[in-house]
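Inspection log for the structure reproduced underneath, given as structure tokens.
2 protein chains.
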Amino acid sequence: MRDDESMLAIAREEALLGKAEGGVPIGAALFTVDGQLLGRGHNRRVQDDDPSMHAETAAFRNAGRRPHYRDTVMVTTLSPCWYCSGLVRQFGISRVVIGEATTFHGGHDWLAEHGVTITLLNDEACTTLMRDFIATHPTLWFEDIGKD
Amino acid sequence: MRDDESMLAIAREEALLGKAEGGVPIGAALFTVDGQLLGRGHNRRVQDDDPSMHAETAAFRNAGRRPHYRDTVMVTTLSPCWYCSGLVRQFGISRVVIGEATTFHGGHDWLAEHGVTITLLNDEACTTLMRDFIATHPTLWFEDIGKD
Numbered sequence: 001m002r003d004d005e006s007m008l009a010i011a012r013e014e015a016l017l018g019k020a021e022g023g024v025p026i027g028a029a030l031f032t033v034d035g036q037l038l039g040r041g042h043n044r045r046v047q048d049d050d051p052s053m054h055a056e057t058a059a060f061r062n063a064g065r066r067p068h069y070r071d072t073v074m075v076t077t078l079s080p081c082w083y084c085s086g087l088v089r090q091f092g093i094s095r096v097v098i099g100e101a102t103t104f105h106g107g108h109d110w111l112a113e114h115g116v117t118i119t120l121l122n123d124e125a126c127t128t129l130m131r132d133f134i135a136t137h138p139t140l141w142f143e144d145i146g147k148d
Numbered sequence: 001m002r003d004d005e006s007m008l009a010i011a012r013e014e015a016l017l018g019k020a021e022g023g024v025p026i027g028a029a030l031f032t033v034d035g036q037l038l039g040r041g042h043n044r045r046v047q048d049d050d051p052s053m054h055a056e057t058a059a060f061r062n063a064g065r066r067p068h069y070r071d072t073v074m075v076t077t078l079s080p081c082w083y084c085s086g087l088v089r090q091f092g093i094s095r096v097v098i099g100e101a102t103t104f105h106g107g108h109d110w111l112a113e114h115g116v117t118i119t120l121l122n123d124e125a126c127t128t129l130m131r132d133f134i135a136t137h138p139t140l141w142f143e144d145i146g147k148d
């Protein structure tokens, strides 16, 4: 069984792939609660010109169709935005493991109120990655979260 | 300027395309507040084996990248689920026009609480379409909303 840090390492690898491609450096992966990898992905706004593919939606898509998600864990480098929090709530994903919520605070408190188990790891590497990205690409970042 | 009924007619066309393809018959379209069509789409779970493409996310994707959405209206044949409601909230879409909320009641009350203008048209054609689909394809429907 994978621990939270090793699951986050996979999401962070995805974020770094996104960075290397010139994209928004956020990564995610969907696992079973036993740590089996179901799907992994990263934000694809720049790469595919696709505003609908946040890291969590990409991991969810790559996991393929499933009858339910109550035995799954979404692992993401950054606190999930409302769009991705809505995904977690609608599909009944039981737990979210978050790299950091320092550079952006999304909907994870709302998810906790609705029974989702939230684990915030305060990972320095994730925080540094996003802080550098926001400082160097503010327009792209604000586009990605619909703020201008 | 298009009125609400003519915008809904486009979303309903999308839902019927989805039905004809053997998919989940929900359609959506994103317009400017002046009624200019930005993107239209329908649920693609069956067609693309893609659980992330609900009608609203498909319309959003097909509208392409935009710096902000405060001048846009999401029109959908069915009350938006939490995933699609989260999309509307995160990206600041200012208004949602809904065909029906009889067969499924999603997150539109929550959106209204957060300042989104909600118009519910109680369209009989949309209701009949979903009622027939749920009766004939219950497993596919519950998969689409993560319930089993």
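As given, the protein sequences belong to chains A and B, one line each in that order. Just so we're aligned: 32 in my numbering is position 32 of the first sequence, and the numbers increase by one with no gaps anywhere. Just so we're aligned: 8 in my numbering is position 8 of the second sequence, and the numbers increase by one with no gaps anywhere. Even for Gly, the Cβ is constructed at its ideal location relative to N, Cα and C. This one's a predicted model, so the numbers in the text were calculated from it and none came from an experiment.
query                                                                                                        : result
Extent of the continuous alpha helix (DSSP H) run through Ala112/A                                           : 108-113
Per-residue DSSP class, three states only, for Glu100/A                                                      : strand
Ala63/B - DSSP class collapsed to helix/strand/coil                                                          : coil
Option in Leu78/B, Arg131/B, Thr32/B with minimal Cα separation from His108/B                                : Leu78/B
Helix, strand or coil at Leu164/A [DSSP, three-state]                                                        : Any answer about residue 164/A is impossible in this case: the structure gives chain A only from 1 up to 148.
Buried or exposed by the 16-neighbour rule on C-beta atoms within 10 Å, applied to Val33/A                   : exposed
Local conformation of Met74/A per DSSP, three classes                                                        : strand
Three CB pairs or more closer than 8 Å across the region 123-142 of chain B and the region 93-105 of chain B : yes
Contact check, Tyr83/A vs Tyr69/B, beta carbons under 9 Å                                                    : no
Residue range of the unbroken beta strand (DSSP E) whose run includes Arg40/B                                : 37-42
Candidates Trp141/A, Gln90/A, Pro51/A, Asn62/A, of which the one nearest Arg66/B by Cα                       : Pro51/A
Cβ of Gln47/A within 9 Å of any chain B Cβ                                                                   : no
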